[in-house]
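Student: Residue numbers (the working numbering), protein chains in the order written: chain C, 367 to 524; chain B, 18 to 276. Please find one structure pasted underneath; my questions will follow.
Structure, rendered in structure tokens:
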């Protein structure tokens, strides 16, 4: 089926089967491979993207369902030269080990800021992160990164 | 994934017409049960009829606190119920405990109630809060709506439009949740109205059920009953006897959070 997806501010006209998952279209059709497929069962959050600013699991959403919304992927946040504050915080806090879950964690961090603002506590972040799995780091530095990244977003906005 | 057509109706009548003319069709709301079911080929529909373009989201209150109804559109997400159902804090709290943040941004009230998973949270609130389930063609009372595992009073092509929850004097929900799926192994919703108590239990049996012994005991101020384990579920997560025990524990926790 023919569908139009608005991704990172740009409209894309895509021909794909109606049964295509959003994450499949992002990766296999558009080459946006920053959004990862971890579990494919809506458990792990590696495929998190923002739909109209809200975090969703792109493995449990059809691309056809996403046509009405503005989609933001990890590629839409920053560039290697100019990282988004949440991305920079993951680097600075060493909030990753293998890095596979990181794009989803960064998007989850943005969701937490959307709901709770830029002044976060580690306890709140730990609770809000329950939809994201990391099998390497034990979460301590991920939580530090999100707390710091949120504060960094306030500075960046000012 | 199994192939299907994806249809985007703009009105309820268009949606039911598309459903009727598309072979084995399925409505899709948030899709958080249906899409996994299609992935695993438990469901192989010929067409999905998308309900997102029908204006079925939103929350409105009729009448004051302790009376009246809180009407919630079928396509309202769990996150929006958690944030917007302040007239019934127990319902907002229940919605805030479904799945995880990303799932709550997508899953819907109507989808959950129409699916009637025996371990879903919402059916407990619908039943305990004596809700009315309004559809494109009828209004169902909660007591007649749930008919056991994944079965409801809905006809094949019937669409839930909104659900009206009776606003209680006080209510609470306590859930012992499965740590991975976050579904209720047992969840107990208690609600007190001017006319008495209603207690609904999810997760324990083959479908949501009213715990009338508990309702009678609460009204009389007597000792709380034990849940008989005879008709409860046994699976790898919990035996029927353990679920029966949890019913009593969750009932006490829900009552304690009222105080």
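A virtual CB, placed ideally from N, CA and C, is assigned to each residue, including glycine. The structure displayed is predicted, hence computed values, not measured ones.
1. Kindly indicate the opening and closing residues of the alpha helix (DSSP H) around residue 273 of chain B.
2. At a cut of 8 Å, does the region 503–513 of chain C reach the region 37–57 of chain B through at least three beta carbon pairs?
3. Can you check whether the C-beta of residue 18 of chain B is within less than 9 Å of a C-beta belonging to chain C?
4. Could you tell me the boundaries of the alpha helix (DSSP H) in which residue 163 of chain B lies?
5. Where does residue 200 of chain B fall in DSSP's three states?
6. Could you tell me whether the Cβ of residue 478 of chain C comes closer than 9 Å to any Cβ of chain B?
7. Which same chain residues end up closer than 6 Å to residue 203 of chain B when comparing Cβ atoms and leaving out the 5 residues on each side of it in sequence?
8. What residue range is occupied by the uninterrupted beta strand (DSSP E) comprising residue 378 of chain C?
9. Would you mind telling me which residues of chain C sit closer than 7 Å to residue 122 of chain B, beta carbon to beta carbon, in chain order?
10. In this structure, how does DSSP classify residue 67 of chain B when only helix, strand and coil are distinguished?
11. Would you mind reading off the limits of the alpha helix (DSSP H) that contains residue 369 of chain C?
12. In whole angstroms, what is the alpha-carbon distance linking residue 438 of chain C and residue 488 of chain C?
13. From the DSSP output, read off the bridge partner residues of residue 179 of chain B.
14. Enumerate in chain order the residues of its own chain whose CB-to-CB distance from residue 470 of chain C is below 7 Å, with the five nearest sequence positions on each side excluded.
15. Where does the unbroken beta strand (DSSP E) through residue 414 of chain C begin, and where does it stop?
16. Give me, in chain order, the residues of the same chain whose beta-carbon lies closer than 6 Å to that of residue 224 of chain B; leave out the 5 immediate sequence neighbours on both sides.
17. Among the candidates B:98, B:103, B:173, whose CA atom is the shortest distance from the CA of residue 125 of chain B?
18. Quick one, which of B:68, B:218, B:212, B:195 has its alpha-carbon nearest residue 236 of chain B's?
19. Which residue wins for smallest C-alpha separation from residue 419 of chain C, given the options C:503, C:473, C:521?
20. Are residue 429 of chain C and residue 387 of chain C close, meaning C-beta to C-beta below 9 Å?
21. Given a limit of 8 Å on CB to CB distance, which residues of the region 65–84 of chain B reach chain C?
22. DSSP state of residue 79 of chain B, grouped into three classes?
23. Would you mind telling me which residues of chain C sit closer than 8 Å to residue 119 of chain B, beta carbon to beta carbon, in chain order?
24. Which bits of chain D does residue 391 of chain C rub up against, with CB to CB less than 7 Å?
25. Please confirm if the region 20–35 of chain B is in contact with the region 489–496 of chain C, defined as three or more CB-CB distances below 8 Å between the two stretches.
26. Tell me the rounded alpha-carbon separation between residue 137 of chain B and residue 75 of chain B.
27. Closer than 8 Å between beta carbons: that is the criterion. Which residues of the region 38–53 of chain B meet it against chain C?
28. Mind checking residue 59 of chain B: buried by the 16 CB within 10 Å criterion, or exposed?
29. Tell me the start and end of each unbroken alpha helix (DSSP H) in the region 470–522 of chain C that is at least 4 residues and wholly inside, in chain order.
30. Report back the beta-carbon spacing between residue 515 of chain C and residue 452 of chain C to the nearest angstrom; my notes put them in contact at under 8 Å.
31. Going along the chain, which residues of its own chain have a beta-carbon closer than 6 Å to the beta-carbon of residue 467 of chain C, five neighbours each way excluded?
32. Nearest-angstrom Cα distance between residue 64 of chain B and residue 177 of chain B?
33. For the beta strand (DSSP E) that residue 436 of chain C lies in, which residues bound it at each end?
34. Using the C-alpha atoms, what's the distance from residue 144 of chain B back to residue 9 of chain B?
35. For residue 233 of chain B, which of helix, strand or coil comes out of DSSP?
36. How is the alpha helix (DSSP H) around residue 456 of chain C delimited, first residue to last?
Tutor: Let's see:
1. Position 256 of the second chain, counted from the first residue, corresponds to residue 273 of chain B. First-last of the alpha helix (DSSP H) with residue 273 of chain B: 257–275.
2. no
3. As a working note, residue 18 of chain B is residue 1 in the second chain. Yes - at least one Cβ of chain C is within 9 Å of the one on residue 18 of chain B.
4. Mapped onto the second chain, residue 163 of chain B falls at position 146. Residue 163 of chain B -> no alpha helix (DSSP H), and no H or E assigned at all.
5. On the second chain, residue 200 of chain B is found 183 positions in, with the first residue counted as 1. DSSP places residue 200 of chain B in coil when its eight states are reduced to three.
6. Your numbering for residue 478 of chain C matches position 112 in the first chain. Yes - at least one Cβ of chain B is within 9 Å of the one on residue 478 of chain C.
7. Taking the first residue of the second chain as 1, we reach residue 203 of chain B at position 186. Here the set comprises 193, 220, 221, 260, 263, 264, 267.
8. Translated into the one-based positions of the first chain, residue 378 of chain C becomes position 12. Start and end: 376–381.
9. Position 105 of the second chain holds residue 122 of chain B. The contacting residues are 420, 421, 422.
10. As a position in the second chain, residue 67 of chain B is number 50, starting the count at 1. Of the three classes helix, strand and coil, the one that applies to residue 67 of chain B here is strand, per DSSP.
11. What you label residue 369 of chain C is simply residue 3 of the first chain in a count that begins at 1. Note, residue 369 of chain C: premise wrong, no alpha helix (DSSP H); beta strand (DSSP E) at 368–373.
12. Within the first chain, the letter at position 72 stands for residue 438 of chain C. Within the first chain, the letter at position 122 stands for residue 488 of chain C. Rounded to the nearest angstrom, the two C-alpha atoms are 25 Å apart.
13. Position 162 of the second chain holds residue 179 of chain B. Its beta-bridge partners are B:90, B:151.
14. Numbered from 1 along the first chain, position 104 holds the residue referred to as residue 470 of chain C. So the list reads 402, 411, 412, 413, 414, 498, once near-sequence residues are dropped.
15. Within the first chain, the letter at position 48 stands for residue 414 of chain C. Looking at the DSSP string, the run of the beta strand (DSSP E) that includes residue 414 of chain C is 414–417.
16. By 1-based counting over the second chain, the position of residue 224 of chain B is 207. Excluding residues within five positions, the ones whose Cβ falls inside 6 Å are 135, 163, 165, 166.
17. The count along the second chain starts at 1 and reaches residue 125 of chain B at position 108. For the residues B:98, B:103, B:173, the minimum Cα distance to residue 125 of chain B belongs to B:98.
18. Along the second chain, one-based indexing puts residue 236 of chain B at 219. Checked all of B:68, B:218, B:212, B:195; the closest Cα to residue 236 of chain B is B:212.
19. The residue you call residue 419 of chain C lines up with position 53 of the first chain. Here the closest residue by C-alpha is C:473.
20. Counting from 1 along the first chain, the entry for residue 429 of chain C is found at position 63. Counting from 1 along the first chain, the entry for residue 387 of chain C is found at position 21. In contact: residue 429 of chain C and residue 387 of chain C (Cβ atoms closer than 9 Å).
21. 65, 67, 69, 70
22. One-based indexing of the second chain puts residue 79 of chain B at position 62. In this structure, residue 79 of chain B counts as strand in the three-state DSSP scheme.
23. On the second chain, position 102 is the one that residue 119 of chain B refers to. In chain order: 408, 411, 414, 421, 422, 423, 474, 477, 497.
24. Protein chains C and B are contained in the structure displayed, whereas chain D is not.
25. no
26. Within the second chain, the letter at position 120 stands for residue 137 of chain B. Within the second chain, the letter at position 58 stands for residue 75 of chain B. Roughly 21 Å separates the two Cα atoms.
27. 45, 48, 49, 52, 53
28. Translated into the one-based positions of the second chain, residue 59 of chain B becomes position 42. By the neighbour-count rule (16 or more Cβ atoms within 10 Å), residue 59 of chain B is not buried but exposed.
29. 488–494
30. Within the first chain, the letter at position 149 stands for residue 515 of chain C. Within the first chain, the letter at position 86 stands for residue 452 of chain C. Going by Cβ atoms, the distance from residue 515 of chain C to residue 452 of chain C rounds to 4 Å, so yes, they are a contact pair.
31. Sequence index remark: in the first chain, residue 467 of chain C carries index 101 (1-based). Taken in chain order, the residues that qualify are 412, 500.
32. Position 47 of the second chain, counted from the start, is the residue given in the question as residue 64 of chain B. Position 160 of the second chain, counted from the start, is the residue given in the question as residue 177 of chain B. Computed Cα separation, rounded: 19 Å.
33. As a working mapping, residue 436 of chain C is identified with position 70 in the first chain. Here the beta strand (DSSP E) through residue 436 of chain C covers 436–438.
34. Since the displayed chain B opens at 18 and closes at 276, residue 9 of chain B lies outside it and no answer follows.
35. For the purposes of this step, residue 233 of chain B is taken as the residue at position 216 of the second chain. Three-state DSSP puts residue 233 of chain B in a helix.
36. Here residue 456 of chain C is taken as the residue at index 90 of the first chain, counted from 1. Residue 456 of chain C -> alpha helix (DSSP H) spans 451–458.
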